[in-house]
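Line order of the protein sequences matches chains A and B. Letter 358 of the first sequence, counting from 1, is numbered 358 in the numbering used here, and no numbers are missing. Letter 138 of the second sequence, counting from 1, is numbered 138 in the numbering used here, and no numbers are missing. C-beta: ideal position from N, C-alpha, C; glycine also.
Protein chains: 2
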Amino acid sequence: MQIKTKQDVRDMARGAAFLGVGGGGDPYVGQLMLQQEVLKGKFPNVIKAQELADDAKVLCVCGIGSPPVLVEHLLSSTMLSKLVDQMEAYLGYRIDALISAEIGGLNSVMTLGVAAQRNVPLIDADGMGRAFPQLEMVTFSVYGCPASPVMIVDELGNMARVHAQTDSVAEKMSRAISSSLGAMVYSALYTMTGKQVKECAVHDTLSLSYDIGRCIRESREQLDSPFEGLLALLNKPEENRHFRVLFDGKIVDLLHEIKDAWHFGTITMEANGDSNDVMVVEMQNEYLAARLNGKTVAIVPDLICILDAETAEPITGERLKYGQRVKVTGLSAAEILRRPECLEVFGPAAFGYEESFQTVEALNP
Amino acid sequence: MQIKTKQDVRDMARGAAFLGVGGGGDPYVGQLMLQQEVLKGKFPNVIKAQELADDAKVLCVCGIGSPPVLVEHLLSSTMLSKLVDQMEAYLGYRIDALISAEIGGLNSVMTLGVAAQRNVPLIDADGMGRAFPQLEMVTFSVYGCPASPVMIVDELGNMARVHAQTDSVAEKMSRAISSSLGAMVYSALYTMTGKQVKECAVHDTLSLSYDIGRCIRESREQLDSPFEGLLALLNKPEENRHFRVLFDGKIVDLLHEIKDAWHFGTITMEANGDSNDVMVVEMQNEYLAARLNGKTVAIVPDLICILDAETAEPITGERLKYGQRVKVTGLSAAEILRRPECLEVFGPAAFGYEESFQTVEALNP
Numbered sequence: 001m002q003i004k005t006k007q008d009v010r011d012m013a014r015g016a017a018f019l020g021v022g023g024g025g026d027p028y029v030g031q032l033m034l035q036q037e038v039l040k041g042k043f044p045n046v047i048k049a050q051e052l053a054d055d056a057k058v059l060c061v062c063g064i065g066s067p068p069v070l071v072e073h074l075l076s077s078t079m080l081s082k083l084v085d086q087m088e089a090y091l092g093y094r095i096d097a098l099i100s101a102e103i104g105g106l107n108s109v110m111t112l113g114v115a116a117q118r119n120v121p122l123i124d125a126d127g128m129g130r131a132f133p134q135l136e137m138v139t140f141s142v143y144g145c146p147a148s149p150v151m152i153v154d155e156l157g158n159m160a161r162v163h164a165q166t167d168s169v170a171e172k173m174s175r176a177i178s179s180s181l182g183a184m185v186y187s188a189l190y191t192m193t194g195k196q197v198k199e200c201a202v203h204d205t206l207s208l209s210y211d212i213g214r215c216i217r218e219s220r221e222q223l224d225s226p227f228e229g230l231l232a233l234l235n236k237p238e239e240n241r242h243f244r245v246l247f248d249g250k251i252v253d254l255l256h257e258i259k260d261a262w263h264f265g266t267i268t269m270e271a272n273g274d275s276n277d278v279m280v281v282e283m284q285n286e287y288l289a290a291r292l293n294g295k296t297v298a299i300v301p302d303l304i305c306i307l308d309a310e311t312a313e314p315i316t317g318e319r320l321k322y323g324q325r326v327k328v329t330g331l332s333a334a335e336i337l338r339r340p341e342c343l344e345v346f347g348p349a350a351f352g353y354e355e356s357f358q359t360v361e362a363l364n365p
Numbered sequence: 001m002q003i004k005t006k007q008d009v010r011d012m013a014r015g016a017a018f019l020g021v022g023g024g025g026d027p028y029v030g031q032l033m034l035q036q037e038v039l040k041g042k043f044p045n046v047i048k049a050q051e052l053a054d055d056a057k058v059l060c061v062c063g064i065g066s067p068p069v070l071v072e073h074l075l076s077s078t079m080l081s082k083l084v085d086q087m088e089a090y091l092g093y094r095i096d097a098l099i100s101a102e103i104g105g106l107n108s109v110m111t112l113g114v115a116a117q118r119n120v121p122l123i124d125a126d127g128m129g130r131a132f133p134q135l136e137m138v139t140f141s142v143y144g145c146p147a148s149p150v151m152i153v154d155e156l157g158n159m160a161r162v163h164a165q166t167d168s169v170a171e172k173m174s175r176a177i178s179s180s181l182g183a184m185v186y187s188a189l190y191t192m193t194g195k196q197v198k199e200c201a202v203h204d205t206l207s208l209s210y211d212i213g214r215c216i217r218e219s220r221e222q223l224d225s226p227f228e229g230l231l232a233l234l235n236k237p238e239e240n241r242h243f244r245v246l247f248d249g250k251i252v253d254l255l256h257e258i259k260d261a262w263h264f265g266t267i268t269m270e271a272n273g274d275s276n277d278v279m280v281v282e283m284q285n286e287y288l289a290a291r292l293n294g295k296t297v298a299i300v301p302d303l304i305c306i307l308d309a310e311t312a313e314p315i316t317g318e319r320l321k322y323g324q325r326v327k328v329t330g331l332s333a334a335e336i337l338r339r340p341e342c343l344e345v346f347g348p349a350a351f352g353y354e355e356s357f358q359t360v361e362a363l364n365p
């Protein structure tokens with residue numbers, strides 16, 4: 001994977017929006033930042049986790065805030081590099097590589113931009129394999145890497161450093177700071193070793209994101225429908241990866257609610273033609289559950305994506321519109337996300353659902 | 001002033017409750033902490049600001065949170081000393097003296113406890129001369145000493161350090177962290193020099209607090225009414241200090257509202273006997289304005305205190321009860337608090353009132 005042209009950047013951002021499953025922050029502002037570096041000839045150096053020494057020093061960078069705010073809030077190109085400087089000064093060492101907290105949405109594209117700017121490698125992996133609304137919902141945390149110290153900055157020069165006893169308290173404190181500063185701040189956190197990254201990250205997700213973004217663009221040009229291309233790329237039972245088009249219809253009702261700095265929503269769709277099928281997707285920043293005529297057809301942590309019915313452009317939650325013609329798709333989550341210890345942290349129960357997790361391939365044989 | 005006995009501690013706490021003007025946090029938990037030190041023979045060493053070298057290193061300690069929460073939340077005796085340790089480690093020097101952010105309520109008694117525990121002098125002064133609900137509402141801030149860095153801890157070992165570009169942003173960030181940790185945290189902030197303290201603190205307020213607390217106790221025993229004693233102590237026009245008993249009656253209506261982590265309230269009282277006089281006091285953590293039959297008789301930053309009608313025990317906002325017989329009193333604020341630059345930060349307009357500040361002595365000749 002090489003990110004050397006504007007088209008590469010756009011492909012990566014499109015894939016990140018797909019894996020963002022409605023949330024994660026619109027990748028657009030991160031795309032602009034990465035594009036600026038690429039146009040200057042500064043290309044991100046993406047490496048595999050296996051290339052890291054076991055004692056390599058790795059740092060995670062991510063935005064913390066409310067996706068609808070982010071869309072109106074351009075990203076300072078120097079702030080993030082200063083953030084890493086401050087964290088290195090506090091830690092007392094230089095880091096060897098960066099990693100994204102979440103591949104979905106803004107955070108991966110933005111971290112690619114920081115990596116390019118600082119000329120420090122970025123690992124082809126992340127902590128979610130998608131997007132989740134809380135900072136402790138990463139495999140890093142599940143497998144014992146603490147989030148703290150969390151260094152937080154905003155673009156006005158305000159700064160905070162948080163040391164919390166648990167990652168969920170780190171989330172509460174960081175979220176509160178974000179709210180107090182206008183609901184969008186940037187953080188450096190989850191200092192890890194190369195060994196920890198190899199053992200507990202979700203691997204090859206930057207490549208996957210890029211492949212998805214490129215596939216959608218190329219299939220639009222070369223195939224009848226971009227969904228044909230996505231099926232060929234993503235539905236590979238032999239690799240234990242399953243992709244389904246769950247619904248084809250239009251949005252007939254949209255409910256958005258900003259509560260406790262989250263973006264909650266319910267999207268109701270009716271099928272095209274004579275069918276009476278109704279699809280309802282529920283979201284908390286990200287799409288969490290898809291129900292066809294009341295029956296669950298996909299549920300978190302499996303990936304639910306709402307795409308433009310014609311172009312397969314992924315649509316983030318805040319950009320959904322009444323009357324939009326869309327397809328709802330389901331993609332199996334990476335194997336690591338389906339382990340019991342991970343489901344405890346970001347499975348259905350973590351979002352208040354009483355039902356157990358069932359895989360998208362079992363629900364849609 | 002010497003604080004060597006349980007009675008001294010109680011006098012100090014009673015005076016702090018008076019100067020807390022309804023808020024500042026109930027001094028009781030701080031009283032317990034100070035008492036514990038005093039009973040061990042560790043007495044606080046209170047010094048005058050003039051005794052400080054100009055380059056002396058001074059640090060402010062205060063609680064940040066919601067007074068009603070504080071009452072149910074005991075104070076760890078070691079946490080505050082650890083907080084000062086952490087701040088000294090960060091600053092890279094030992095401090096020469098402590099100062100209270102606010103004399104009113106918990107913060108002065110608590111800081112006396114820390115000073116006794118660490119055997120470091122406490123300055124007979126503070127930044128408010130009363131209590132105010134926000135951390136930038138101190139003379140230190142008005143006269144250019146920045147609040148940041150703000151070191152914040154809770155008793156579970158969670159920690160944050162805040163560097164804000166303005167003191168009102170420091171307030172917002174610290175308040176948000178406090179809310180995320182259960183609405184009561186403790187902070188070290190406003191690092192100052194001896195020269196700055198001499199120039200911009202409200203002086204002799206620990207002595208005043210102690211004198212008020214002792215006066216109330218002694219007048220109960222020696223005079224017909226403790227209010228006689230308070231009048232003799234506090235109404236000294238020749239020293240430009242004015243004290244008025246504004247109302248005598250009982251509480252007939254109480255409205256409490258916890259909003260944005262503040263404690264708002266409206267207290268309505270009817271006069272005793274045949275009078276139809278009605279007194280209304282409005283509060284935001286502290287009592288802000290007193291209106292007799294709709295006419296303002298005292299307003300922030302002058303001090304409004306609601307006292308038990310018989311014992312003159314000061315009553316904090318969360319302990320007010322329907323039917324309570326009370327007296328409402330007004331005390332002129334320290335001269336420094338009435339300067340135009342101070343009124344901008346904590347005068348009537350800062351609390352949303354459109355009326356200008358008028359002194360309690362002008363309103364009640």
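Cβ of A/S81 within 7 Å of any chain B Cβ: Counting from one through the first sequence, the residue named residue 81 of chain A turns up at place 81. Taking a beta-carbon distance threshold of 7 Å, A/S81 does not count as an interface residue toward chain B.
CA-to-CA distance, B/G213 to B/F18, given in whole angstroms: Walking along the second sequence from the start, residue 18 of chain B turns up at place 18. Walking along the second sequence from the start, residue 213 of chain B turns up at place 213. As the crow flies, the alpha-carbon of B/F18 is around 8 Å from that of B/G213.
Simplified DSSP state of B/M145, which is helix, strand or coil: Counting from 1 along the second sequence, the entry for residue 145 of chain B is found at position 145. Sequence inspection shows Cys at residue 145 of chain B; the Met mentioned does not correspond to that position. If DSSP states are grouped into helix, strand and coil, B/C145 belongs with coil.
Closest Cα partner of B/R325 within the set B/G273, B/C200, B/Q358, B/P340: Residue numbering aside, residue 325 of chain B sits at position 325 when the second sequence is read from its first letter. It is B/G273 whose Cα lies nearest to the Cα of B/R325.
Nearest-angstrom Cα separation, counted from A/L343 out to A/L335: If you number the first sequence from 1, residue 335 of chain A lands on position 335. If you number the first sequence from 1, residue 343 of chain A lands on position 343. Going by the sequence as given, residue 335 of chain A is Glu instead of Leu. Cα to Cα, the separation comes out at about 11 Å.
Buried versus exposed call for B/N107 [16 or more other C-beta atoms within 10 Å across all chains shown]: For this step, residue 107 of chain B is matched to residue 107 along the second sequence. Looking at its Cβ environment, which holds 16 or more other Cβ atoms inside 10 Å, B/N107 is buried.
For B/A188, the first and last residue of its enclosing alpha helix (DSSP H): The residue labelled residue 188 of chain B in the question sits at position 188 within the second sequence. No alpha helix (DSSP H) contains B/A188, which is instead part of the beta strand (DSSP E) from 184-193.
Any C-beta of chain B under 7 Å from that of A/Q165: As a first step, residue 165 of chain A is located in the first sequence; it is residue number 165 there, counting from the start. Against chain B, the CB of A/Q165 has a partner CB under 7 Å away; the residue lies at that interface.
Entirely enclosed beta strand (DSSP E) segments - the stretch 158-185 of chain A, minimum 3 residues: If we require 3 residues or more, the beta strand (DSSP E) runs fully inside the stretch 158-185 of chain A come out as 159-163.
When B/L156, B/K172, B/E155 are compared against B/H163, the one with the closest alpha-carbon: Along the second sequence, one-based indexing puts residue 163 of chain B at 163. Closest by alpha carbon: B/K172.
First through last residue of the alpha helix (DSSP H) which encompasses B/M87: Within the second sequence, the letter at position 87 stands for residue 87 of chain B. Where B/M87 is concerned, the enclosing alpha helix (DSSP H) stretches over 79-91.
Where the beta strand (DSSP E) through B/S100 begins and ends: Here residue 100 of chain B refers to the residue found at position 100 of the second sequence. Segment 97-100, the beta strand (DSSP E) holding B/S100.
Segment contact, 8 Å Cβ cut-off, at least three pairs: the stretch 52-64 of chain A with the stretch 179-195 of chain A: The stretch 52-64 of chain A is in contact with the stretch 179-195 of chain A.
Separation of B/E310 from B/V38, as counted between CA atoms: Indexing the second sequence from 1 puts residue 38 of chain B at position 38. Indexing the second sequence from 1 puts residue 310 of chain B at position 310. Whole-angstrom Cα-Cα distance: 30 Å.
Beta bridge counterpart(s) of B/Q284 as assigned by DSSP: On the second sequence, position 284 is the one that residue 284 of chain B refers to. Per DSSP, B/F264, B/E286.
Cβ contact check for the stretch 175-186 of chain B and the stretch 37-54 of chain B: 3 or more pairs under 8 Å: These segments do not touch.
Counterpart residues of A/H73 in DSSP-defined beta bridges: For the purposes of this step, residue 73 of chain A is taken as the residue at position 73 of the first sequence. Paired residues: none, contrary to the question.
Nearest to B/L75 (by Cα), restricted to the options B/R217, B/L34, B/E88: By one-based count along the second sequence, residue 75 of chain B stands at place 75. Nearest to B/L75 by C-alpha distance, out of B/R217, B/L34, B/E88, is B/L34.
A/D11, buried or exposed, once every other Cβ within 10 Å from all chains shown has been counted against 16: What you label residue 11 of chain A is simply residue 11 of the first sequence in a count that begins at 1. Burial call: buried.
Residue-level contact to chain B via CB, A/L189, 7 Å cutoff: The sequence position of residue 189 of chain A within the first sequence is 189, counting from 1. Chain B, which has no Cβ nearer than 7 Å to the Cβ of A/L189, makes this no.
Residues near B/M283 in its chain [Cβ-Cβ closer than 6 Å; skip 5 each side]: Numbered from its first residue, the second sequence carries residue 283 of chain B at position 283. Answer for B/M283: G22, G265, G317, listed in chain order.
B/I177 at chain A interface by Cβ criterion, 7 Å: One-based indexing of the second sequence puts residue 177 of chain B at position 177. So, interface residue.
Stretch pair the stretch 281-299 of chain B + the stretch 129-143 of chain B: three plus CB contacts closer than 8 Å: Yes, the stretch 281-299 of chain B touches the stretch 129-143 of chain B.
Contact the stretch 74-88 of chain A vs the stretch 144-161 of chain A: 3+ CB pairs below 8 Å: Taking a contact to require three or more Cβ pairs closer than 8 Å, the stretch 74-88 of chain A and the stretch 144-161 of chain A qualify as touching.
Given 8 Å, three or more beta-carbon pairs between the stretch 292-300 of chain A and the stretch 217-235 of chain A: No, the stretch 292-300 of chain A is not in contact with the stretch 217-235 of chain A.
DSSP state of B/A397 mapped onto helix, strand, coil: The structure shown does not extend to residue 397 of chain B, since chain B is modelled only from 1 to 365, so the question has no answer here.
Neighbouring residues, chain B, relative to A/V169 (Cβ below 7 Å): Here residue 169 of chain A refers to the residue found at position 169 of the first sequence. Neighbours of A/V169 in chain B, taken as residues whose beta carbon is under 7 Å from its own, are N158 in chain order.
Exposed unless 16 or more other CB atoms sit within 10 angstroms - verdict on B/D253: As a working note, residue 253 of chain B is residue 253 in the second sequence. B/D253 is exposed by the Cβ-count criterion.
Within the stretch 1-60 of chain B, ranges of the alpha helix (DSSP H) (whole runs, at least 4 residues): Listed in chain order, they are 6-19, 28-39.
For B/E102 and B/Y210, the rounded distance between their alpha carbons: Here the question's residue 210 of chain B lines up with position 210 in the second sequence. Here the question's residue 102 of chain B lines up with position 102 in the second sequence. Straight across, the Cα-Cα distance linking B/Y210 with B/E102 is about 14 Å.
Beta-carbon spacing of B/E136, B/D167 below 7 Å: If you number the second sequence from 1, residue 136 of chain B lands on position 136. If you number the second sequence from 1, residue 167 of chain B lands on position 167. Less than 7 Å divides the Cβ of B/E136 from the Cβ of B/D167.
Beta-bridge pairing of A/E257 - partner residues as DSSP gives them: Here residue 257 of chain A refers to the residue found at position 257 when the first sequence is read from its first residue. According to DSSP, which records beta bridges pairwise, A/E257 is partnered with A/F264.
7 Å Cβ cutoff, B/M173 in contact with chain A: Against the second sequence, residue 173 of chain B aligns to sequence position 173. Taking Cβ atoms only, chain A reaches closer than 7 Å to B/M173, which makes this a yes.
Residues in the stretch 51-76 of chain B having any Cβ partner in chain A nearer than 8 Å: Contacts with chain A (Cβ-Cβ distance below 8 Å) from the stretch 51-76 of chain B involve no residue at all.
Alpha carbon of B/Q2 to alpha carbon of B/N45, nearest angstrom: Translated into positions along the second sequence, residue 2 of chain B becomes position 2. Translated into positions along the second sequence, residue 45 of chain B becomes position 45. If you draw a straight line from the Cα of B/Q2 to the Cα of B/N45, it is about 8 Å long.
Cut-off 7 Å between Cβ atoms - residues of its own chain near A/L307, not counting five sequence neighbours on either side: Indexing the first sequence from 1 puts residue 307 of chain A at position 307. So the list reads E313, P314, I315, V326, K327, T329, once near-sequence residues are dropped.
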